[in-house]
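Engineer: Heads up, the final residue of the sequence shown is numbered 822 in my numbering, and it's a clean run with no missing numbers.
Glycine is no exception: its CB is placed at the ideal position from the N, C-alpha and C atoms.
Got a structure for you, written out below as structure tokens; questions coming shortly.
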Amino acid sequence: MDTHSHHAAEVPHGAGKPAPLETDAVIVGAGPVGLFQVFELGLLEIRAHVIDSLAYVGGQCVELYPDKPIYDIPAVPVCTGQELTDALMKQIEPFGATFHLGQEVTSLKRMGDGRFYVQTSAGTRFLTRTVFIAAGVGSFQPRLLKVDGIDRFHGSQLQYRVRDPAQFQGKNLVICGGGDSALDWTLNLVGQAESVILLHRRDGFRAAPASVSKMRELVDNHEMQLIVGTVSGFEERDGRMSEIRVTSPDGVTRRVPLDVLLVFFGLSPKLGPIAHWGLALERKQIVVDTEKFETDVPGIFAVGDINTYPGKKKLILSGFHEAALAAFGAANYVFPDRKIHLQYTTTSPKLHKVLGVETPVFD
Numbered sequence: 460m461d462t463h464s465h466h467a468a469e470v471p472h473g474a475g476k477p478a479p480l481e482t483d484a485v486i487v488g489a490g491p492v493g494l495f496q497v498f499e500l501g502l503l504e505i506r507a508h509v510i511d512s513l514a515y516v517g518g519q520c521v522e523l524y525p526d527k528p529i530y531d532i533p534a535v536p537v538c539t540g541q542e543l544t545d546a547l548m549k550q551i552e553p554f555g556a557t558f559h560l561g562q563e564v565t566s567l568k569r570m571g572d573g574r575f576y577v578q579t580s581a582g583t584r585f586l587t588r589t590v591f592i593a594a595g596v597g598s599f600q601p602r603l604l605k606v607d608g609i610d611r612f613h614g615s616q617l618q619y620r621v622r623d624p625a626q627f628q629g630k631n632l633v634i635c636g637g638g639d640s641a642l643d644w645t646l647n648l649v650g651q652a653e654s655v656i657l658l659h660r661r662d663g664f665r666a667a668p669a670s671v672s673k674m675r676e677l678v679d680n681h682e683m684q685l686i687v688g689t690v691s692g693f694e695e696r697d698g699r700m701s702e703i704r705v706t707s708p709d710g711v712t713r714r715v716p717l718d719v720l721l722v723f724f725g726l727s728p729k730l731g732p733i734a735h736w737g738l739a740l741e742r743k744q745i746v747v748d749t750e751k752f753e754t755d756v757p758g759i760f761a762v763g764d765i766n767t768y769p770g771k772k773k774l775i776l777s778g779f780h781e782a783a784l785a786a787f788g789a790a791n792y793v794f795p796d797r798k799i800h801l802q803y804t805t806t807s808p809k810l811h812k813v814l815g816v817e818t819p820v821f822d
């Protein structure tokens with residue numbers, strides 16, 4: 460972001476659009492570090508809005524390994540990604556952060572008054588004093604099916620996410636993939652759709668064994684089909700995809716008629732729009748100082764896996780530490796006239812009030 464060129468920028472006001480939300484902090488990313496950033500800001504009485512491209516909180520912890528154990532969170536011998544997320548959500552409850560999920564930041568620019576104007580893909584707009592980028596490895600985008608020309612059916616007959624299962628009622632579906640999403644939707648839609656074919660490049664699956672055996676049972680009972688192979692092309696009739704060409708491992712190609720092709724090849728992280736915000740980057744990571752984890756643009760901080768500095772280790776633990784120091788860095792912008800003292804949650808009546816807990820009385 461060329462911050463100089465935006466000094467006199469005016470807030471874009473669309474016709475009938477609500478005014479931007481004014482806030483002290485916007486956090487981009489709702490993984491464990493973004494969530495803990497809410498806590499550290501909250502202790503300093505800085506309220507935050509949190510934006511994430513996923514439809515739920517927890518970031519890659521919940522997206523990639525919700526049930527896998529994590530062993531290196533201090534004082535927590537073992538917890539899953541989901542349990543860690545749930546515990547963090549409970550911990551930040553007192554601070555009333557507002558979450559804006561299923562949307563990503565599309566623009567970020569500095570205004571004439573020094574604040575930042577932030578807009579998301581859902582049209583949500585903010586004016587904020589500080590920005591915290593806790594975007595992990597970037598936003599998760601579905602891995603696409605690589606077949607020439609098939610992209611033009613994206614959103615109609617080619618889908619990477621199920622938004623409304625009811626639309627498949629009475630349709631002929633082909634579902635591609637061999638992981639949990641592919642299997643879950645296959646089991647879910649058999650019986651609702653007219654027909655379901657599961658297509659996977661090999662006969663082994665990465666999904667829960669119970670789902671795989673249930674699927675094989677449905678195949679044996681002729682309630683659905685399993686085809687081993689890959690999509691190698693498609694046929695079109697009257698502007699619609701009428702069938703796909705499927706090539707099996709032994710090189711034989713057959714035609715499969717269909718109404719909708721659902722593809723679940725997993726998600727891959729992309730830096731996305733962050734790459735164009737003009738921040739100093741090194742190997743797709745944002746360069747920060749180690750005093751307050753601020754970027755080369757004053758008022759924008761980066762914490763967790765997205766940042767880099769000498770000696771950086773990609774641990775949730777490190778992200779938590781970074782979030783604490785970044786909060787103190789931000790306090791100087793939010794309360795320029797206030798001297799910020801470190802207070803302890805164990806003993807500070809002020810923090811007890813902020814957290815909504817009783818101050819213990821000792822004899």
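(1) On a Cα-Cα basis, can you pick out the residue from 652, 523, 670, 796 that is closest to residue 539?
(2) Just confirm the distance between the C-beta atoms of residue 718 and residue 630, as a whole number of angstroms; I'd bet it's less than 8 Å.
(3) Rounded to whole angstroms, what's the CA-CA distance from residue 517 to residue 619? Just pull it up for me.
(4) Please state whether the Cβ-Cβ distance between residue 751 and residue 783 is less than 8 Å.
(5) Report buried or exposed for residue 712, applying the criterion of at least 16 other Cβ atoms within 10 angstroms of its Cβ.
(6) If I measure Cβ to Cβ from residue 581 and keep anything under 6 Å in the same chain, skipping five residues before and after, which residues do I get?
(7) Between residue 691 and residue 704, is the Cβ-Cβ spacing less than 8 Å?
(8) Can you list, in chain order, the residues of its chain whose CB lies under 6 Å from that of residue 466, leaving out five sequence neighbours each side?
(9) Which complete alpha helix (DSSP H) runs does the segment 623-680 hold, if anything under 4 residues is left out?
(10) Report yes if the C-beta distance between residue 665 and residue 637 is below 8 Å; otherwise report no.
(11) Residue ranges of each beta strand (DSSP E) run of no fewer than 3 residues wholly in the segment 753-787, ordered along the chain?
(12) Within the continuous beta strand (DSSP E) that includes residue 715, where are the two ends?
(13) For residue 588, which of 794, 810, 811 has the nearest alpha-carbon?
(14) Have a look at residue 726 and residue 600 and give me their C-alpha separation to the nearest angstrom.
(15) Can you tell me the Cα-Cα spacing of residue 462 and residue 762, whole angstroms?
(16) Residue 780: which of 677, 493, 565 sits nearest, CA to CA?
(17) Measure the beta-carbon distance from residue 721 to residue 632 and round it to whole angstroms, keeping in mind my assumption that it falls under 8 Å.
(18) Output the residue ranges of the alpha helix (DSSP H) runs that lie fully inside the segment 469-549 and measure 4 residues or longer, sorted by chain position.
(19) Output yes or no for whether 8 Å exceeds the beta carbon distance between residue 695 and residue 714.
(20) Out of curiosity, what's the CA-to-CA distance linking residue 804 and residue 773?
(21) Taking buried to mean at least 16 other C-beta atoms within 10 Å of its own C-beta, is residue 776 buried or exposed?
(22) Consider the Cβ of residue 645: report whether some Cβ of chain B lies at a distance smaller than 8 Å.
(23) Span of the beta strand (DSSP E) holding residue 568?
(24) Which complete beta strand (DSSP E) runs does the segment 569-596 hold, if anything under 3 residues is left out?
(25) The beta strand (DSSP E) that contains residue 732, what's its start and end?
Structural biologist: Looking at the coordinates:
(1) 523
(2) 4 Å
(3) 21 Å
(4) no
(5) exposed
(6) 562
(7) yes
(8) Note that residue 466 scores a pLDDT of 39, beneath 50, so its modelled location is shaky and nothing firm can be said.
(9) 639-648, 668-679
(10) yes
(11) Taken in chain order, the complete beta strand (DSSP E) segments of 3 or more residues contained in the segment 753-787 are 759-761.
(12) First-last of the beta strand (DSSP E) with residue 715: 712-716.
(13) 794
(14) 5 Å
(15) Confidence in residue 462 is poor, its pLDDT being 43 and thus under 50, which makes the residue's placement unreliable; the coordinate value appears in the next sentence. Answer to the nearest angstrom: the Cα atoms are 21 Å apart.
(16) Shortest Cα-Cα distance from residue 780 to any of 677, 493, 565 involves 493.
(17) Rounded, the Cβ-Cβ distance is 6 Å, consistent with contact.
(18) 491-502, 518-523
(19) no
(20) Put simply, the backbone Cα of residue 804 is about 27 Å away from that of residue 773.
(21) exposed
(22) Annotation note: the requested chain B is absent from the structure, which comprises a single protein chain.
(23) 564-569
(24) 575-579, 584-592
(25) Careful: residue 732 lies outside any beta strand (DSSP E) and carries neither H nor E.
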